[in-house]
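For reference, the structure is listed below as structure tokens.
Numbering (UniProt numbering), first residue to last: 1 to 419.
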């Protein structure tokens, strides 16, 4: 039996209300298990469960993947996420201790200072300030009180100077907090001196550059939309859903200034001849893939294409045929589907009925499974088979010329929303 989630009261705060409504999206989708959602979203079941936990604000990437996997309104939840981000930022600002006016501090000590550290100074460890002062009974007591007051004031001034210096150093250094808020002030990084292998442009309101190819890696830099970034190469890591095409992408681009950024949030792809390199938190590239076909139902109209492999995270399927219709269409490679659902065998259904209307498809039809790195990111890890429309239950290996293989790989791994 699945573990019952901890109740969340939407009245407890904006984060709890956000989580409560996220759970409602999942319920409207039929309450799929988080394991099933993980296969669609590209994030672990634990990460998706935490997103609706009501403890902390999930990242924008996780939120959109959660909603998209449930078939929800991604654009509406994108706006909702930024509204929550603004609310939590305002709450943080409201609860931050007030800083004492330096002009007042410059005139201290101007005594009656029985100064004790107060909550305004951020130190609540000392005893509470007395409501009235007892009269001092001796000259020695007065001197001691003045000395103590001066010591406290000087200590507070030293703490203030230290805090200001630390804040200046912190502002000059890049953030290493993995939960850095995308609402923070950001600017495009300056051009780097390192030679670039390729470049791209950010398109999200805030792009997180991390220390490794993992969504749990620390954020080392943030960039707004429209930043031109130079990259020295790329590595492979966690799958991220491309918010433009909706396709999965496992490529992480190595930023010239340091860190890596997911290909899914950058316009631009590496050259086709460039191979992935290791980086922190990276995974090995695909090394083998195997294609299989399973007839669906009693009729011959639909088969399910499946794949298995070694270090394979995304699989694209393509077939060489003439599209059906009244007009004659050329025989060419067509993408059948793109999947990152490893738990389901990367299964993609393929309807054969429409193909039977074209006489060009009377012979064997070549079909390929290709290990992809993302949209327009094919590899040469491919398995080719062929089937006959009159008997799709039997299929056999196919041998393709190199030129045909290249076209097949590109068709299988293209962005799904392209023609």
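Glycine included, C-beta positions come from ideal geometry on N, C-alpha and C.
In the DSSP assignment, find the unbroken alpha helix (DSSP H) run with residue i in it and report its ends.
| i | result |
| --- | --- |
| residue 51 | 45-51 |
| residue 16 | 14-28 |
| residue 301 | Note, residue 301: premise wrong, no alpha helix (DSSP H); not H, not E. |
| residue 411 | 402-412 |
| residue 63 | 60-69 |
| residue 318 | Unbroken run through residue 318 is the beta strand (DSSP E), 314-322; no alpha helix (DSSP H). |
For the beta strand (DSSP E) containing residue i, list its first residue and its last residue.
| i | result |
| --- | --- |
| residue 246 | Taken as a continuous stretch (DSSP letters only), residue 246 belongs to no beta strand (DSSP E), as it is neither H nor E. |
| residue 374 | 365-374 |
| residue 288 | 288-295 |
| residue 388 | 377-388 |
| residue 34 | Looking at the DSSP string, residue 34 is not in any beta strand (DSSP E); the run it does join, the alpha helix (DSSP H), is 34-41. |
| residue 235 | 228-241 |
| residue 273 | Looking at the DSSP string, residue 273 is not in any beta strand (DSSP E), and its letter there is neither H nor E. |
| residue 336 | 331-339 |
| residue 223 | 219-224 |
| residue 349 | 348-351 |
| residue 200 | 198-202 |
| residue 208 | 206-210 |
| residue 261 | 260-262 |
Flag this pair as yes or no: are the beta carbons of residue i and residue j separated by less than 7 Å?
| i | j | result |
| --- | --- | --- |
| residue 329 | residue 411 | no |
| residue 367 | residue 385 | yes |
| residue 223 | residue 202 | yes |
| residue 255 | residue 314 | no |
| residue 259 | residue 211 | yes |
| residue 291 | residue 316 | no |
| residue 251 | residue 54 | no |
| residue 398 | residue 346 | no |
| residue 282 | residue 225 | no |
| residue 48 | residue 81 | no |
Quick check on the burial criterion: 16 or more other C-beta atoms within 10 angstroms. Buried or exposed for residue i?
| i | result |
| --- | --- |
| residue 238 | buried |
| residue 57 | buried |
| residue 278 | exposed |
| residue 357 | exposed |
| residue 294 | exposed |
| residue 272 | exposed |
| residue 30 | exposed |
| residue 242 | buried |
| residue 107 | Caution applies to residue 107, whose pLDDT of 41 falls short of 50 and renders its modelled position unreliable; the value that the coordinates give is listed next. Exposed. |
| residue 378 | buried |
| residue 262 | buried |
| residue 189 | buried |
| residue 343 | exposed |
| residue 349 | exposed |
Report the rounded CA-to-CA distance for residue i versus residue j, giving the unit in angstroms.
| i | j | result |
| --- | --- | --- |
| residue 245 | residue 401 | 31 Å |
| residue 88 | residue 51 | 16 Å |
| residue 35 | residue 195 | 42 Å |
| residue 183 | residue 70 | Bear in mind that the predicted position of residue 183 carries a pLDDT of just 37, short of 50, making it unreliable; the figure below should be weighed with that in mind. So the two alpha carbons sit approximately 26 Å from each other. |
| residue 318 | residue 65 | 26 Å |
| residue 376 | residue 91 | 43 Å |
| residue 284 | residue 249 | 15 Å |
| residue 413 | residue 370 | 7 Å |
| residue 200 | residue 365 | 38 Å |
| residue 403 | residue 62 | 39 Å |
| residue 187 | residue 204 | 13 Å |
| residue 321 | residue 396 | 17 Å |
| residue 85 | residue 359 | 58 Å |
Looking only at its own chain, which residues have a Cβ that is under 6 Å from the Cβ of residue i, when we skip the five neighbours before and after it?
| i | result |
| --- | --- |
| residue 270 | 198 and 234 |
| residue 407 | 333 |
| residue 287 | 310 and 311 |
| residue 289 | 307, 309, 312, 369, 371, 381 and 383 |
| residue 179 | Confidence at residue 179 is low in this model, with a pLDDT of 40, below 50, so its placement is unreliable and the value that follows should be read with caution. Cβ neighbours of residue 179 beyond the five flanking positions: none. |
Any C-beta of chain B sitting closer than 7 Å to the C-beta of residue i?
| i | result |
| --- | --- |
| residue 33 | Of the protein chains in this structure there is only one, and it is not chain B. |
Kindly list the residues whose CB is nearer than 8 Å to the CB of residue i, restricted to its own chain and excluding five residues on each side of it in sequence; keep chain order.
| i | result |
| --- | --- |
| residue 67 | 22, 25, 73, 74 and 77 |
| residue 207 | 222, 223, 224, 225, 227, 261, 265 and 266 |
| residue 351 | 301 and 302 |
| residue 341 | 39, 40 and 347 |
For residue i, which residues from the same chain have a beta carbon less than 7 Å from its beta carbon, with the 5 sequence-adjacent residues on both sides left out?
| i | result |
| --- | --- |
| residue 276 | 234, 235, 236 and 285 |
| residue 353 | 301 |
So is the beta-carbon of residue i under 6 Å away from any non-hydrogen atom of the ligand FMN?
| i | result |
| --- | --- |
| residue 257 | This structure does not include the ligand FMN; it has no bound ligands of any sort. |
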